[in-house]
Each structure stands twice: as C-alpha cells, then as structure tokens.
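Here is the structure we will look at.
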Amino acid sequence: MKKKKNSKKRKESSIHIRLEESEAKRGKVDILSSELNLLKISRSISNYRRLRNLESGKKFLIAKLLKEVKLNIDKIRREFPHPNIPEILKEKVTPSKVEEVEKKELKIKPITRGNIESQLMEIQEKLSRLQSQ
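Our numbering puts the first residue of the sequence shown at 24, with every later residue one more than the last.
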C-alpha cells in the first residue's frame, strides 16, 4: 500500500501595507542611518581591539625591561663594597624618638566642614560690621 502524500501546498499570504512617499523615504533614511551607525561602531570596535593588542604588547615589553633593570640593580649592589660604619657613628633609633616624630605629624589639624562653616560665619560678621560703620 502506498501512502498518499498530502498534496495541499501551504499558501503563504503576504501582507501589503501602503506607505506614503514621505513615510517610505523616512524609513529608507532611518535604515541607511542605522547601517551607517553600525559601520561606525564596527570600526570603533576593531580600532579598540587593535589598540588593546598594542597595549598588551607594550605592557609585556615594559615588564621585560623592568625585570632587566632589577637584575642590573641587584648586580650593581653585589659589586659595590659594603662600608663598615662604626657603632659610634650609627644613629640608634629609640622608641621615644619614634613617638616624637609621630606626635609632630599629629599636630596638623585637618580642616573640617564645621571649622570652615565657623570661619565663614566670622568673616560674614566682620563684613557686616564694616558695612554698617
């Protein structure tokens, strides 16, 4: 027995929309401007990728040169003689000296918003007194 194939073809119906000439023109302009913007974006992306590749190459080169410089510095340090400084000439750092340095650093007062506001009020009062005289 042979199976019968369904011989009915699907008929696809097309929908037609009538556009006015100005609407059609505006649609074409919008599509073309969208294509133009997409091309600009594509160009920007490819330029970005190129610059990132260039940047990574430069970073690699810098890292390589820094390693080389570090090796040269270490080599120079090993070649230089180490002077023997007598104990009398060496400055001994005591905890009290460290505390004195820290206290000197703490004397600097940060300017706070309230402090600025009070200074502004004082200046305004002085100005008003001068103007009233």
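Ideal Cβ placement from N, Cα and C applies to all residues, glycine included.
Provide the residue span of the alpha helix (DSSP H) that contains residue i, from first to last.
i      : result
Lys-96 : Sequence check: residue 96 is Ile here, not Lys. Where Ile-96 is concerned, the enclosing alpha helix (DSSP H) stretches over 44-102.
How would you label residue i, buried or exposed, when you count the other beta carbons within 10 angstroms and need 16 or more for buried?
i       : result
Leu-143 : exposed
Ser-30  : Below a pLDDT of 50, predicted positions are generally treated as unreliable, and Ser-30, at 49, falls in that range; the measurement from the model is reported next regardless. It is exposed - the Cβ of Ser-30 has fewer than 16 other Cβ atoms within 10 Å.
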